[in-house]
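Using the working numbering, read the sequence shown as starting at 1 and increasing by one per residue.
Just so it is clear, CB atoms sit at the ideal spot from N, CA and C, and this is done for glycine as well.
Treat the numbers as computed from the prediction; the structure is a model and nothing was measured.
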Amino acid sequence: MAEQTENVVDLLQSQHEEIRRLASIVEENHGQVRKDAFDRLRELLAVHETAEEEVVHPFARRAIADGARVVDKRLEEEHEAKGVLSELDKMNPDSADFQDMFSKFHRDLEAHASHEEKEEFPRIAREATPEQLHGMAKAVKAAEAVAPTHPHQGVESPAKNLAVGPIAAIADRVRDAIGKVRSR
């Protein structure tokens, strides 16, 4: 029944809560717990942002007042976050440099989520019909199922996601599978 009534705003808000939970685990732990939480966070952020860029932001750009300005600001934040997340992904999670960079990233991540929750999500909820909200939730899930699992800076538009995303997603998923085999 939840599938029938789920709307995109609730889905994204739920994902934001999971992102916050994982970011706190990364910040507060070390060793394998930190590494595993970071890997889950990195993957969730990559697929979440891709789906927002392909489904949610285009709707917001068209449907909400001053949508272009709101979306452009979010895309700037997402572009910056992808760069930092890529750097963090290359670092030893137990290094002091990782801790320092991640702490700032965590603050920026929280600010980004807060901006979406205050400036974009409520306005989408007001402007979209229940059918649109439900359809966008389904579209977000579909986009996430085939999205890259690592951040790709510079791929923040629907067109670029569609052009680069499928190849990047395959490469990322192979990279993840090889990494899992190597860590055994």
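Inter-residue distance for His106 and Glu116 is about 15 Å (C-alpha atoms, whole angstroms). Less than 8 Å separates the beta-carbon of Leu85 from that of Leu45. Around the beta-carbon of Thr129, fewer than 16 other beta-carbon atoms lie within 10 Å, marking it exposed. Annotated as distal: Val55 and Glu119, with beta-carbon spacing of 8 Å or more. Contact annotation: the segment 133 to 147 touches the segment 34 to 48, with at least three C-beta pairs closer than 8 Å. Judged by DSSP in its simplified three-state form, Thr50 adopts helix.
In the three-state scheme derived from DSSP, where H, G and I count as helix and E and B as strand, Ser95 is classed as coil. With contacts defined as CB atoms closer than 8 Å, Ala113 and Ile19 qualify as a contacting pair.
CA-CA distance, Ile64 to Phe121, rounds to 10 Å. The residue among Arg40, His30, Asp36 and Lys35 with its C-alpha nearest the C-alpha of Gln15 is Arg40.
By the beta-carbon neighbour count (other beta carbons within 10 angstroms, threshold 16), Gly83 is exposed.
Separation of Ser24 and Pro58 (C-alpha to C-alpha, rounded to the nearest whole angstrom) is 30 Å. Beyond the five residues adjoining it in sequence on each side, Ala68 comes within less than 7 Å, by CB distance, of Arg61 in the same chain, given in chain order.
In its chain, beyond the 5 residues on either side, Ile64 have a beta carbon closer than 6 Å to the beta carbon of Arg123.
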